[in-house]
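Line by line, the protein sequences give chains V and S. Going by our numbering, the letters in the first sequence line up with residues 111 to 528, in that order. Going by our numbering, the letters in the second sequence line up with residues 20 to 962, in that order. First up is the structure itself, then whatever we jot down about it.
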Amino acid sequence: MIHSLFLINASGDIFLEKHWKSVVSRSVCDYFFEAQERASEPENVPPVIPTPHHYLISVLRHRIYFVAVIQSEVPPLFVIEFLHRVVDTFQDYFGVCTEAAIKDNVVVVYELLEEMLDNGFPLATESNILKELIKPPTILRTMVNTITGSTNVGEQLPTGQLSVVPWRRTGVKYTNNEAYFDVVEEIDVIIDKSGSTITAEIQGVIDACVKLTGMPDLTLSFMNPRLLDDVSFHPCVRFKRWEAERILSFIPPDGNFRLLSYHVSSQNLVAIPVYVKHNITFREGSSQGRFDLTLGPKQTMGKVVESVLVSSQLPRGVLNANLNPSQGTYTFDPVTKLLSWDVGKINPQKLPSLKGTMSLQAGASKPDENPTFNIQFKIQQMAISGLKVNRLDMYGEKYKPFKGIKYMTKAGKFQVRT
Amino acid sequence: NEWMFLFSLVCSGEIFELKAELNSDKKEKKKEAVKKVIASMTVGKDVSALFPDVVNCMQTDNLELKKLVYLYLMNYAKSQPDMAIMAVNTFVKDCEDPNPLIRALAVRTMGCIRVDKITEYLCEPLRKCLKDEDPYVRKTAAVCVAKLHDINAQLVEDQGFLDTLKDLISDSNPMVVANAVAALSEIAESHPNSNLLDLNPQTINKLLTALNECTEWGQIFILDCLANYTPRDDRESQSICERVTPRLSHANSAVVLSAVKVLMKFMEMLPKDLDYYGTLLKKLAPPLVTLLSAEPELQYVALRNINLIVQRRPEIMKHEMKVFFVKYNDPIYVKLEKLDIMIRLASQANIAQVLAELKEYATEVDVDFVRKAVRAIGRCAIKVEQSAERCVSTLLDLIQTKVNYVVQEAIVVIKDIFRKYPNKYESVIATLCENLDSLDEPEARAAMIWIVGEYAERIDNADELLESFLEGFHDESTQVQLQLLTAIVKLFLKKPTETQELVQQVLSLATQDSDNPDLRDRGYIYWRLLSTDPVAAKEVVLAEKPLISEETDLIEPTLLEELICHIGTLASVYHKPPSAFVEGSRGVQHKRLPCSAGSVDSPETSSTAGVSDAPPAVIPSQGDLLGDLLNLDLTPTTTGPPPPAVSTGMQLGAMDLLGGGLDSLCDTLVCDLQIGAGFGAAPAAMPASFGAPGSGGLDDLFDLGSGVGMPMGAYSPPKSVWLQAMKAKGLEISGTFARRAGVIQMEMTLTNKAMSVMTDFAIQFNRNSFGLSPAGPLQVLTPLSPNQSIEVALPLNTSGPVMKMDPLNNLQVAVKNNIDVFYFSCQYPISMLFVEDGKMERQIFLATWKDIPNENESQFQIKDCHLNAVSNKLQGSNIFTIAKRTVDGQDMLYLSVKLTNGIWVLAELRIQAGNPNYTISLKCRAPEVSQCVFQSYEAVLKN
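Spelled out as structure tokens, the structure:
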């Protein structure tokens, strides 16, 4: 099982260590540092690193490496999933997961880690249960504690840990009963230089914020459930009912949680909401290159494409770029060769464009790599897959809750090759 | 060291302050002080000096304070064992607290105090907690047993905690079940052969019920435990699969992958024609695809596992090619894995897409990735024949970019393409030669040299090209040197007249000026071959190479099976068996896939059969000296259609072919040898062997039996698996039959694939057509330990009881060892029974031939046979040539054979020049043997 955890910052300092079994010397991290040195980019450090007596399994989140040390055969995904849970918990407790936040709350961090694993076995990883055991620090509570002498640690047995619905605590009470669901879809696309789609897939999630009194039992049905053939559910969802009727039936956890994530594969037809026209040319023997980029909306069902941001790594040979955006602002970093254009909204009547010249080193030959454009955008009130919620019903409680559903589409890895 | 002194002074000041605060009367101050202590401990400061003061704070009803003190205890108890005993009483008391949270906390902390002295005091409280009324306490206690076992295994066994733990598998609470399973699995790791997790249908049912209700982590433990179970039949297997399938939709990727493992394993037992089997296959793809949209670290682990799954069951992912397309900002470790899987999935249907992608990748920035992409194009060409042409032109395009490392990789893969498709793409050689100067990596240089040597006859200036490499011979890497040596020898054999100087130069460089033994040995071998028998040299060096197969780095099937059983583990990430790298390797059990009961076409048998039929040939790596040296497998040469002259008088023809150049070369070689290498015997032997074909070869064309040329041994088929390990409790027997010096031998390889040692081997035959029986006992003197193989040769005689078998050459064998008796049957080549005195007098042959009625004659065709020393070859297997005549361009060979039981078989073999199909007529008084005898003829001639 998981032996130890080391937190390492970007400059290679171990700023926190936790051992669940015997103490493993810090020097084990030297193997990690070696791998880090070899990697060209921070994210290229391999996630599993063997050492003579241990294995190091790491994830990089918020510019912090979470390095778990294991000694015997443990499923690596088990470790990685646990590390993710640690990151999520820190974020949940401290608002951000940064070195500063962790250092400021080092005792709470230590208590949390102690509760999350016992002898390397996961113990309490659900945020609901952890919050019953260890209350998140707030300015108000710290003040109250110092005055009354009460503590952050709950006195009660965390009831959820044993009930049939371990994800929900009992005795929840709200004056305003509300349940909000956000359908958020990210579209991953690779478009080749001729403008045809190579792959397109959609990663969707339904995130919920449920604040309902008592033990509500909810059902959620879709207009077009057939879209969802590849889904992962929160443990609260009754799988049998979904298999039989294509209805999501569940007793929700209290607060924020991810009800469902789904994947619409490249085999389905995926609508591409944005098109890109580009013309980037270098002539042999000339120290100038032409740059011409135009964006336009398509298949957006009349919704506005907003928060558009285009970025690209220009060829190494490019010294500078002198461009003219029709809207928004652009930056070019001559050191990293990173071009970034903050476009804003796309107005279908007046398409945004970025035109101009790039200067190359005099006498250098034409660059042989082709830049790829990475495009980010958001579209409100639309799920690009066409998924639509039909109705949401509540059973088991008498009151009438307030319900809301929101849709949004975002670009995930949206790449246009040139 | 003034600074250190100051530092410790500051620290001790701080500690002094804390000490005062810890002993304060105010509760609040105490708690703050403990918090400060914990904070210092967390950042690695040594606060162990405060041990007694902190332990004093333990007697409190404040839960937070208690927890903090426990945290401290766990950290420092080991360094202060005597002090830690002070805490024992509090633990014992806390284990009886009315609040289950405190009971659980106490039992949890107890186990973390890794001090031998204390552990004995903790057994009683632990025993109580294992039977606690509150499941939360029970589940915590279950983990505590594992902790205790880690500290003192003997104590845990003596106290009977293991049995209590086993009982907890039947607990009513799913979380308790999950933790008991987890604890037992961890303990079982250090007791590989114990029956800790004794799985039977009842416990499996309990686990499956708990699976639905426990936490995600518990589900992983239970699934991993389920994967160790072997269902009794396909129905049980299906029902487990049905209950595990919902886990594929879990949000936790580790749960998903563990479920995939269970399904992949149990699927083996399902009959393929079952509807459910197809359904299951379809259900496996989506969750695997979903894993690829997760964070890169998860993707990496998923990809390594998909790589295994794709090799075992390609059908699962065959429509999912696109999800493996590389995004430019994927981390490099993800990119490389995706590329590997793309090639595995490449097929005629998707090759166009794949190639377009690969070409795109070859212009990326990352050098490692670009190299691998170029290599991938080559692998596609070899895998999908229809795409080869497109791949080659893509590679040529890439070579035109002149990017140095791209060119070099491209040349390396083009070499493999040449080997896969001989005589197809040699037109590109000119382009390759243009880039000769830019090659600076050994692998690329070696590949280029190979190409020049192999196609020397088509490259006008081959000698110049090779000579240019020769200048810096000693600065080259071994790989290049070896390749250069072979290439020049090839060149010489193809163009002997112009290249004598070159070959002398390289031979002397290799043998006299080099310190590398491999190089020297190879040099000597060539030298000797060239000087004693240039014809043989030609046959060896220019032999036709076996075709390379499409997959270059497939995992060996038994390892693959084992890895499939370990999906989701470190073993699956490293593609190595768990025993290879787990710390201490405490005898990890080798897991095998179960075998479908009763069904003939089960994947298991079909896959192993597939393996023995066509073991995946692998492109020999550059280090494979022997294969590289001879440029062929070690099988005897089956060269292409020989030049016409050779077929009549091989050695004579060869002399003509090499012409006068040879003599002069020989002279120089003799000189060199005498002066340089000190091969005294070589020059002396040489004239004789050169003289032989001149006189003896012409002497008696009819009596070829008396022997020129190299003697060839009796044909013996390659070993095949007779008894599969699965059917024989781990004993695997593969073998063959051979006739060596007049003795029939059964040559076997016994392999122990089980976990225990095997002894007491014995063997018996059933009655058979020719009375074969062992001439002595089976000689396995030493016990066969696990994973060991032993070669045994069992001499046979033909004096056993006779019974006609069907087929005639069928042999039923029983093998016994200390475990059990196993039965198998095999077929022996009847050529084993051809006796040495089977040469009939010519007159008698004629008379017998006429005497045997025509209805006893049977005629067969032997197709695709390219041989130039038929008689020699046949004689090696005791098939004797009585006479030979040539009628209308057809060679007629008259042959005789005598079996051990005295049956004579006469034959007439007709060979038409240039026609690879031979016709053979067999005549025998016992015509039922004809079929078998024909098969032997065919086997002998073709091997």
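Every residue gets a Cβ at the ideal spot worked out from N, C-alpha and C, and that includes glycine. Quantities reported herein were computed from a predicted structural model and do not represent experimental measurements.
Query	Result
Chain V contact for Leu-317 (chain S) (CB, 9 Å cutoff)	yes
As assigned by DSSP and simplified to three states, the class of Gln-783 (chain S)	strand
Residue interval of the beta strand (DSSP E) (run including Ala-178 (chain V))	174-180
C-beta contact flag for Lys-892 (chain S) and Leu-960 (chain S) at 9 Å	yes
Cβ-based burial, Thr-441 (chain V) [other Cβ within 10 Å; buried from 16]	exposed
Cβ pair Leu-417 (chain S), Phe-388 (chain S) closer than 9 Å	no
Whether Ile-301 (chain V) touches Ile-308 (chain V) by CB criterion (9 Å)	yes
Same chain, Cβ closer than 7 Å to Ala-590 (chain S), five either side skipped, listed in chain order	Leu-582, Pro-596 and Pro-597
Proximity below 9 Å, CB of Val-431 (chain S) to CB of Ala-475 (chain S)	no
Straight-line Cα distance separating Asn-334 (chain V) from Gln-490 (chain V)	20 Å
Same chain, Cβ closer than 7 Å to Asn-94 (chain S), neighbours up to 5 away in sequence not counted	Met-60
Status (buried if at least 16 other CB within 10 Å, exposed otherwise) for Tyr-505 (chain V)	exposed
Three-pair Cβ contact test at 8 Å for the stretch 380-391 of chain V versus the stretch 470-487 of chain V	yes
Touch test, the stretch 228-240 of chain S against the stretch 150-164 of chain V, Cβ-Cβ under 8 Å, three pairs minimum	no
Straight-line Cα distance separating Cys-943 (chain S) from Pro-736 (chain S)	25 Å
Exposure label - Gln-931 (chain S); buried when at least 16 CB within 10 Å	exposed
Environment of Tyr-509 (chain V) [buried if 16+ CB atoms lie within 10 Å]	exposed
At least 3 beta-carbon pairs within less than 8 Å: the stretch 798-814 of chain S vs the stretch 775-785 of chain S	yes
Every unbroken beta strand (DSSP E) inside the stretch 348-431 of chain V [3 residues or more]	357-360, 365-374, 384-392, 398-407 and 415-423
Test: Cys-410 (chain S) CB closer than 9 Å to a CB of chain V	no
Chain S contacts made by the stretch 186-200 of chain V, where a contact means CB separation under 7 Å	Pro-186, Leu-187, Phe-188, Ile-190 and Glu-191
Alpha-carbon to alpha-carbon, Asp-339 (chain V) and Asp-253 (chain S)	27 Å
Helix, strand or coil at Tyr-509 (chain V) according to DSSP, with G and I counted as helix	coil
Leu-84 (chain S) burial status per 10 Å Cβ neighbour count (16 or more: buried)	buried
Identity of the residue in S:Glu-428, S:Glu-314 and S:Val-384 nearest Glu-153 (chain V) by Cα	S:Glu-314
Span separating the alpha-carbon of Asn-457 (chain V) from that of Val-526 (chain V)	20 Å
Buried or exposed by the 16-neighbour rule on C-beta atoms within 10 Å, applied to Gly-726 (chain S)	Below a pLDDT of 50, predicted positions are generally treated as unreliable, and Gly-726 (chain S), at 37, falls in that range; the measurement from the model is reported next regardless. Gly-726 (chain S) is exposed by the Cβ-count criterion.
Residue from V:Asn-500, V:Val-169, V:Val-374 and V:Val-217 whose Cα sits closest to the Cα of Pro-246 (chain V)	V:Val-217
Chain-ordered neighbours of Asn-271 (chain S) on chain V, where CB pairs are closer than 7 Å	Glu-191
Ala-149 (chain V), DSSP secondary structure in three states	coil
Chain-ordered residues of the stretch 31-43 of chain S with a beta carbon less than 7 Å from chain V	none
Rounded straight-line distance, which links the Cα of Val-175 (chain S) to that of Met-111 (chain V)	19 Å
Chain V contact for Glu-334 (chain S) (CB, 9 Å cutoff)	no
Test item: CB-CB of Leu-502 (chain V) and Ala-289 (chain V) under 9 Å	yes
Contact between the stretch 190-202 of chain V and the stretch 286-296 of chain S (3+ Cβ pairs under 8 Å)	no
Buried versus exposed, by CB contacts within 10 Å (16 or more), Ala-161 (chain S)	buried
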